[in-house]
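Going by full-length UniProt numbering, the sequence shown opens with residue 1, and the numbers climb by one from there. Worksheet: the structure to be examined is printed underneath.
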Amino acid sequence: MDYSELIKMAEEAMQKAYAPYSGFRVGAAVLSGNGRVYTGANIENASYGATCCAERVAIFKAVSEGEKRIQAVAVASSSEETVFPCGICRQVMAEFGNAEMKILCGKSKGEYEVYTLGELLPHSFGLDRAK
């Protein structure tokens with residue numbers, strides 16, 4: 001899949017964000033191991049700890065549908081600055097991806113920077129370390 005298409009899907013997902021507290025809207029698109037795309041948007045809650053990031057919403061949708069591997073994650077936000085996944089999302093990505101998995105970090109409409117998970121989370125805790 002073309003990365004620009006994946007970032008576009010993340011931008012579209014952002015429109016469905018529920019962000020009445022921060023006003024910071026985020027969308028994500030996850031490319032699964034079998035080539036299917038799952039999207040998600042951030043969902044806030046008055047109890048901030050119950051908030052869920054767009055990346056985790058999309059990943060959890062994929063996993064709940066039977067996916068176990070992720071090839072790429074695209075993230076877009078309402079900010080004009082480059083948006084990066086938070087630490088919790090990076091760790092969740094490590095559970096279902098690998099160090100070479102691509103993460104597309106949206107900047108402004110249609111623009112993005114590409115990183116690997118290994119660059120953004122160089123010392124992840126995963127199944128290989130949990131044994």
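Ideal Cβ placement from N, Cα and C applies to all residues, glycine included.
Subject >> Member of 79, 123 and 66 whose CA lies at the smallest distance from the CA of residue 11 >> reply: 79
**OP:** Please classify residue 91: does DSSP put it in a helix, a strand, or coil?
**Re:** helix
**OP:** Would you mind working out which of 75, 111 and 82 sits nearest residue 31, comparing C-alpha positions?
**Re:** 75
Original post:
If we ignore side chains and look at the alpha-carbon of each, how far apart do residue 104 and residue 48 end up?
Top reply: 26 Å
Original post:
With burial defined as no fewer than 16 other Cβ atoms inside 10 Å of the residue's Cβ, what is the status of residue 42: buried or exposed?
Top reply: buried
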